[in-house]
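Set out below in structure tokens:
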């Protein structure tokens, strides 16, 4: 029922908000958790042209969860080159995944983590590396974290951002602390980590959009600021906080923005005459109630299409 109201219908304009924020160079998040994760990520690195993600994990399931979330966030999974596959074949067990995510198996040693992270970071088709660790009882999350921390410089390997996800609580807490002390962004779940990775590409797109200059126009944009101020003053004088539709359209039109032709009719006869005039240039018209007190006109049948 709410969706049928004027206010509920505004949710359909969400894509417009997305486009406007992107054009303004703004990264949009959905809640406080994403806000902090976004800050944790983009504050560490400069914008990237692309953010193709290479994933190293000792748990295939965690890798799949990360990829699913990455795809939901319109992220990009890196395609490993044949040379990288061969390099990994030489250092990993034969049972490794042979694809991205690079599953280095549950008993992964610190040395195996190092070899895999270095190989993935060296791949020219990878821009970001996400390193994950699952508590398996066969390897040490603490030792794995130390190995990754030793590879990084200012949170990067081979000049590429590194983000991490050490799953678990007691077994992972010390490992996450080592990573954070080394300046490496660390997240607790595959979904959080993948979402954070996607911010790097979103932020880059937003910044590029901000730098784009609108195309020049041969037509000089004119405005009638005095007319707009006169409208606002009259609204304030009337003690109102909302413009009527004709007032709003007049203000927009004063800045050279086209608006649909609008005629105010104060009687049925005037409405009939206005309709006849509008039908000469348009196949359809809209009749709306004009009221300073009612904003949701459709709720009371105050909007008729014809």
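In this note's numbering, the protein residues as written are 1447 to 1752. Cβ coordinates follow ideal geometry from the N, Cα and C atoms, glycine included.
| said: By the three-class DSSP mapping on this structure, what secondary structure does residue 1560 have? | reply: By 1-based counting over the chain shown, the position of residue 1560 is 114. Residue 1560 falls in the helix class under three-state DSSP.
| task | Go ahead and label residue 1498 buried or exposed: buried means 16 or more other beta carbons lie within 10 angstroms of its beta carbon, across all protein chains shown. | result | The count along the chain shown starts at 1 and reaches residue 1498 at position 52. Buried, because 16 or more other Cβ atoms sit within 10 Å of the Cβ of residue 1498.
| query | Among 1695, 1650, 1482, 1598, which one has its Cα closest to the Cα of residue 1472? | reply | As a working mapping, residue 1472 is identified with position 26 in the chain shown. When only C-alpha atoms are compared, the closest one is 1650.
| query | Between the stretch 1592 to 1600 and the stretch 1538 to 1550, are three or more C-beta pairs nearer than 8 Å? | reply | Taking 8 Å as the limit for Cβ pairs, the verdict is that the stretch 1538 to 1550 does not touch the stretch 1592 to 1600.
| message | Taking only three categories from DSSP, how would you classify residue 1692? | response | Here residue 1692 refers to the residue found at position 246 of the chain shown. Reduced to three states, the DSSP call for residue 1692 is helix.
| task | Take residue 1551 as the anchor and find which of 1509, 1702, 1714, 1513 has the nearest alpha-carbon. | result | As a first step, residue 1551 is located in the chain shown; it is residue number 105 there, counting from the start. Between residue 1551 and the set 1509, 1702, 1714, 1513, the nearest pair of CA atoms involves 1509.
| said: Just to confirm the assignment, what range does the alpha helix (DSSP H) spanning residue 1445 have? | reply: Outside the displayed range of the chain (1447 to 1752) lies residue 1445, so it cannot be described from this structure.
| query | residue 1641: buried (16+ other C-beta within 10 angstroms of its C-beta) or exposed? | reply | Stepping through the chain shown from its first residue, residue 1641 is reached at position 195. Per the 10 Å Cβ criterion, buried.
| Can you tell which of 1482, 1464, 1483 has its C-alpha closest to the C-alpha of residue 1474? | Sequence index remark: in the chain shown, residue 1474 carries index 28 (1-based). When only C-alpha atoms are compared, the closest one is 1464.
| query | Straight-line CA distance for residue 1493 to residue 1646? | reply | Here the question's residue 1493 lines up with position 47 in the chain shown. Here the question's residue 1646 lines up with position 200 in the chain shown. Using only the alpha carbons, I get a separation of about 7 Å.
| message | Spatial neighbours of residue 1496 within its chain, please: C-beta separation below 8 Å, excluding the five flanking residues on both sides. | response | Sequence index remark: in the chain shown, residue 1496 carries index 50 (1-based). Counting only Cβ-Cβ distances below 8 Å, and skipping sequence neighbours, we find 1522, 1573, 1647, 1650.
| Helix, strand or coil: which one does DSSP assign to residue 1747? | Position 301 of the chain shown, counting from 1, holds the residue named residue 1747. Coil, per DSSP.
| Alpha carbon to alpha carbon, what distance is there between residue 1534 and residue 1561? | Locating residue 1561 in the chain shown gives position 115, counting from the first residue. Locating residue 1534 in the chain shown gives position 88, counting from the first residue. In a straight line, the C-alpha of residue 1561 is about 8 Å away from that of residue 1534.
| task | Specify the secondary structure class of residue 1464 as computed by DSSP and reduced to three states. | result | Taking the chain shown and counting its residues from 1, one reaches residue 1464 at position 18. It is helical.
| query | If you run the structure through DSSP and keep just helix, strand and coil, what is residue 1824? | reply | Any answer about residue 1824 is impossible in this case: the structure gives the chain only from 1447 up to 1752.
| Are the beta-carbon atoms of residue 1585 and residue 1553 separated by less than 8 Å? | Locating residue 1585 in the chain shown gives position 139, where the first residue counts as 1. Locating residue 1553 in the chain shown gives position 107, where the first residue counts as 1. Yes, Cβ-Cβ distance for residue 1585 and residue 1553 is below 8 Å.
| message | Counting C-beta neighbours from all protein chains within 10 Å, is the total for residue 1515 16 or more, i.e. buried, or is it exposed? | response | In the chain shown, residue 1515 corresponds to position 69, counting from 1. Flag for residue 1515 reads buried.
| Backbone CA spacing between residue 1580 and residue 1613 [nearest angstrom] | Translated into positions along the chain shown, residue 1580 becomes position 134. Translated into positions along the chain shown, residue 1613 becomes position 167. When rounded, the distance between both Cα atoms is 5 Å.
| Own chain, CB closer than 7 Å to residue 1656, minus 5 neighbours either side, in chain order | Residue 1656 sits at position 210 when you count from the first residue of the chain shown. Excluding sequence neighbours, residue 1656 sits near 1470, 1471.
| request: List the residues that DSSP assigns as beta-bridge partners of residue 1501. | output: The residue given as residue 1501 occupies position 55 in the chain shown. According to DSSP, residue 1501 shares a beta bridge with 1576.
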